[in-house]
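Peer 1: Protein chains in written order, with the numbering used here: chain A, 1273 to 1611; chain B, 40 to 321.
Even for Gly, the Cβ is constructed at its ideal location relative to N, Cα and C.
Before anything else, here's the structure in question.
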Amino acid sequence: MSSPVTALLGPLAISPSPRPVALSFQSVTHRYGSRVALDKLDLDVPLGEVLALLGPNGAGKSTTISALLGLVRPQEGRVEVLGGDPRQSVAAGRVGAMLQAASGIGLPPGVRVDEALGLVRRLYRRPAPRDQIVERANIGALLRRRTDRLSGGEAQRVRFAIAIAGDPEVVFLDEPTSAMDVESRQGFWRMMRAFGDEGRTVLFATHHLAEADEIADRVVVLNHGKVVADGPGATLKAAVATRRLRFIYDRPDRADFSDLEGLTEVEIRGTCVSIDSLDADATIRDLVSRGVPFRDLEVTGAGLEQAFVTLTGCRAVEADPSAIPTGCESAVAQVRHEP
Amino acid sequence: MTNLSIAPPNLPDRQIGRSLENPVPRDSWAGRVRPLLAFGRFEVGRLLRSWKFLAITIGFPVIFYMLFLGDHTAGKVVDGTVPWRIYLMVSMCSFGALVAALNAAGTRLSMERASGWARQLRITPIPAWSYVGTKIVASMLVVFPVIVLVEAVGAGFGDVRLAATTWIELTVLIWATSLPFAVLGVFIGFLVTTEAAFPVVTGLMFVLGYFGGLFTPVDQMPGSLQFVAHLVPSYHQVSLAIASLDGHTLALTHWLVLAGCVAVLGLAIVWKHRVEEARGLA
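Quick look at the structure:
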């Protein structure tokens, strides 16, 4: 996909790092039957980087991670992990991963958490110390519990513990927070960021744009198996001139906003209206000329979500509660408190 | 709004793991085997603590044995020379092995593959074949006590008297010839969905049991069914066991059919695995 944004991002992208490369894709193409999952993908990830892989469903995120683990052998191109074949790194116990679970929790049923963790540690020649894993993944209270009696968030913490059990240099996480509520998610990312801060390389795929933005050193947006944007989260946002207008409107009607100047997106929650615009000035002038009685107007730089929509031409697939504008919530609360 | 600050990547202040220039030295023999032993212990431990698994694997053969014991009068002879009580015990040993092997692997493997646990193990350092290998070994390990248990029932209630060496020979023979069942259990786990696994396993228990002549001796079946029986491993397993008790030579055909079953099922597992790998599902 070639958008003006991609062209704009070129000079803004971070310069090649002098650090050695941990992960590398060289013109990698992979098809499942006739469906192209990776399309001449080129990507280098330096050692110690925390990288977010962003993209809609079917963009190639999971295939990218599968290729890095040697679970998928791409038909063309070359994938390297820590300077060698992905399978070598796996066999040497240098990588860990939290994969997406198609169904269930991705843990063996009928055993306790400490047994599952103990097994995985014994499969590595040099595992991380048990206490360290337990502390990092915050699973101390779960050790005696049975794996099939954990909540979604608890199971994800255990799966993270299993991913880091081998003391890996590189960790891949495929949508690790998809089963979590907002609070567990925040805890999880703190945990993972701390892990990355030790100089380990982390690559995670996510739908949660705010997470990619906050946690990662670098955000790579994939669509149709290609990199459509690459840079720090802030760069991506700067690349997109979208602004978000938020205001209170007592009787909002979608029809009021049809064909509004500069408009890309309207969201109405109760009396709270959120409009994304490519030209905030023109949009406000248009609102005034239409006589829309807005109040408490707030204009902000749009989040990564809008950048993402602009870049890939599609909306984030998963509803993201954390993406509800905070200003808006408080505005709603204010309205409720009015007599 | 979200916090926009992007922390610069921290440079490693210590070497994490091994450096790029020094590839990991090859594991020692112990280093290779120890993880597999841990995995095997884990699998067998899980099975022996599963109430459902124990109830099925102990319950079915023992209860069937008791029912058949009450139903038939002593002195009946199968195949002209074999006393019914011997034939029955051998059949029930074979049935016990079948039930244990299918239940040990089938349902669990299907569930683990669906939930992603099988993939999680594949990205640990143990070799790719060891997941299947360990499942088969674990099945064989739980089959053994089931055979011994049925034999104990035979000695205690079934009026079976054998010399000590004959008991040992018989046990080892039935145990070794249970390998096709263990491989079949793993294949079912690869083939069917989690929802289908339990009914398929239960169905196969009875289908292979019946057509293998475990409930009705093959020589009392109609001719066309006798032909089908010759394709079922249970029949060949029982035939070998009976022949060994009679002091006959163990016919090569039986061994060949059993080995063929193992080979065909093994290849089927490899094929299924390849197909899924190509689709990115494995």
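Could you tell me which whole beta strand (DSSP E) segments of length 3 or greater appear in the stretch 1443-1526 of chain A?
Peer 2: Within the stretch 1443-1526 of chain A, the complete beta strand (DSSP E) runs of at least 3 residues are 1473-1478, 1490-1495, 1498-1503 and 1515-1520.
Peer 1: Assign A:VAL1545 to one of two classes, buried (16 or more other C-beta atoms within 10 Å of its C-beta) or exposed (fewer than that).
Peer 2: A:VAL1545 should be labelled buried.
Peer 1: With a threshold of 9 Å between beta-carbons, can B:ILE95 be considered close to chain A, or not?
Peer 2: So, not an interface residue.
Peer 1: DSSP three-state call for B:TYR126: helix, strand or coil?
Peer 2: If DSSP states are grouped into helix, strand and coil, B:TYR126 belongs with the helices.
Peer 1: Determine, for A:PRO1401, whether the minimum Cβ-Cβ distance to residues of chain B falls below 9 Å.
Peer 2: No, its Cβ sits nowhere closer than 9 Å to a Cβ of chain B.
Peer 1: If we call anything under 9 Å between Cβ atoms a contact, is A:ASP1316 one with A:THR1301?
Peer 2: No, these two residues do not count as a Cβ contact at 9 Å.
Peer 1: Taking 9 Å as the cut-off, decide whether the C-beta atoms of A:PRO1612 and A:MET1464 are in contact.
Peer 2: Not covered by the structure: residue 1612 of chain A. The range shown for chain A is 1273 to 1611.
Peer 1: What's the gap between the Cα of A:ARG1490 and the Cα of A:SER1549?
Peer 2: Cα to Cα, the separation comes out at about 25 Å.
Peer 1: According to the neighbour-count rule (16 or more other Cβ atoms, all chains shown, within 10 Å of its Cβ), is B:ILE207 buried or exposed?
Peer 2: It is exposed - the Cβ of B:ILE207 has fewer than 16 other Cβ atoms within 10 Å.
Peer 1: For the stretch 155-186 of chain B, which residues have a CB atom closer than 8 Å to at least one CB atom of chain A, in sequence order?
Peer 2: Correct list: GLY155, TRP156, ARG158, GLN159, LEU160, ARG161, ILE162, THR163, PRO164, ILE165 and PRO166.
Peer 1: Could you please give me the residues that DSSP links to B:ARG152 through a beta bridge?
Peer 2: In the DSSP output, where bridge partners are listed per residue, B:ARG152 has none listed.
Peer 1: Roughly how many angstroms separate the alpha carbons of A:PHE1519 and A:GLU1483, rounded to a whole number?
Peer 2: Approximately 25 Å, taken between the alpha carbons.
Peer 1: Quick one: what's A:ILE1547 bridged to in DSSP?
Peer 2: In the DSSP output, where bridge partners are listed per residue, A:ILE1547 has A:LEU1517 and A:VAL1538.
Peer 1: For the 8 Å Cβ check, are there 3 or more pairs between the stretch 1410-1429 of chain A and the stretch 1455-1475 of chain A?
Peer 2: As far as the Cβ criterion goes, the stretch 1410-1429 of chain A touches the stretch 1455-1475 of chain A, which means the pair count is three or higher.
Peer 1: If you measure from the beta carbon of B:PHE237 to each beta carbon in chain A, is any gap under 9 Å?
Peer 2: Taking Cβ atoms only, chain A never reaches closer than 9 Å to B:PHE237, which makes this a no.
Peer 1: So the beta strand (DSSP E) A:ARG1429 belongs to, where does it begin and stop?
Peer 2: No beta strand (DSSP E) holds A:ARG1429; the alpha helix (DSSP H) holding it covers 1424-1435.
Peer 1: Does the stretch 232-242 of chain B come close enough to the stretch 142-159 of chain B to have 3 or more Cβ pairs within less than 8 Å?
Peer 2: Taking 8 Å as the limit for Cβ pairs, the verdict is that the stretch 142-159 of chain B does touch the stretch 232-242 of chain B.
Peer 1: Does the separation of the CB atoms of A:ALA1400 and A:ARG1429 fall below 9 Å?
Peer 2: No.
Peer 1: Going along chain A in order, which residues have a C-beta closer than 7 Å to the C-beta of B:GLU151?
Peer 2: What B:GLU151 touches in chain A: PRO1380.
Peer 1: Rounded to whole angstroms, what's the CA-CA distance from B:ASN242 to A:ILE1547? Just pull it up for me.
Peer 2: A quick correction: the sequence has Gly, not Asn, at residue 242 of chain B. Each residue's Cα considered, the two are about 60 Å apart.
Peer 1: For A:VAL1353, does the three-state DSSP call read helix, strand or coil?
Peer 2: Three-state DSSP puts A:VAL1353 in a strand.
Peer 1: Grouping DSSP H, G and I as helix and E and B as strand, with all else coil, what is A:TYR1396?
Peer 2: Three-state result, A:TYR1396: coil.
Peer 1: Mapping DSSP to helix, strand and coil, what is B:PRO74?
Peer 2: Of the three classes helix, strand and coil, the one that applies to B:PRO74 here is helix, per DSSP.
Peer 1: When you compare only the Cα positions, how much space is there between B:SER178 and B:GLY193?
Peer 2: The straight-line gap from Cα to Cα measures roughly 23 Å.
Peer 1: Determine whether the beta carbon atoms of B:LEU209 and B:SER283 lie at a separation below 9 Å.
Peer 2: A contact, by the Cβ cut-off of 9 Å.
Peer 1: Since A:ILE1377 meets chain B, which of its residues come closer than 7 Å, beta carbon to beta carbon?
Peer 2: Result: SER154.
Peer 1: The alpha helix (DSSP H) that contains A:PHE1566, what's its start and end?
Peer 2: Note, A:PHE1566: premise wrong, no alpha helix (DSSP H); not H, not E.
Peer 1: Kindly give me the distance between the Cβ atoms of A:LEU1391 and B:PHE78, rounded to whole angstroms, as I take these residues to be in contact under 8 Å.
Peer 2: Confirmed, Cβ separation roughly 7 Å.
Peer 1: Note down, in chain order, all residues in the stretch 247-264 of chain B with a beta-carbon under 8 Å from any beta-carbon belonging to chain A.
Peer 2: Against chain A - using a Cβ distance shorter than 8 Å - the stretch 247-264 of chain B contributes no residues.
Peer 1: For the stretch 1345-1366 of chain A, enumerate the residues whose C-beta is nearer than 7 Å to any C-beta of chain B, in chain order.
Peer 2: Per Cβ criterion, the list reads LEU1354, GLY1355, VAL1362, ALA1363, ALA1364, GLY1365 and ARG1366.
Peer 1: Mind checking A:THR1348: buried by the 16 CB within 10 Å criterion, or exposed?
Peer 2: The sequence shown places Glu at residue 1348 of chain A, not Thr. So A:GLU1348 ends up on the exposed side.
Peer 1: To the nearest angstrom, report how far apart B:ILE175 and B:PHE81 are at their CA atoms.
Peer 2: Computed Cα separation, rounded: 13 Å.
Peer 1: Which same chain residues, not among the five before or five after A:LYS1498, have their C-beta less than 6 Å away from its C-beta?
Peer 2: These residues qualify, in order along the chain: ASP1311.
Peer 1: Counting only Cβ pairs nearer than 8 Å, list the residues of chain A close to B:PHE196.
Peer 2: Result: empty, since nearest Cβ-Cβ is about 32 Å, beyond 8 Å.
Peer 1: Please list the terminal residues of the continuous beta strand (DSSP E) segment that includes A:PRO1318.
Peer 2: Element bounds for A:PRO1318: 1307-1318.
Peer 1: Just how far apart, CA to CA, sit A:GLY1365 and B:THR163?
Peer 2: Cα to Cα, the separation comes out at about 6 Å.
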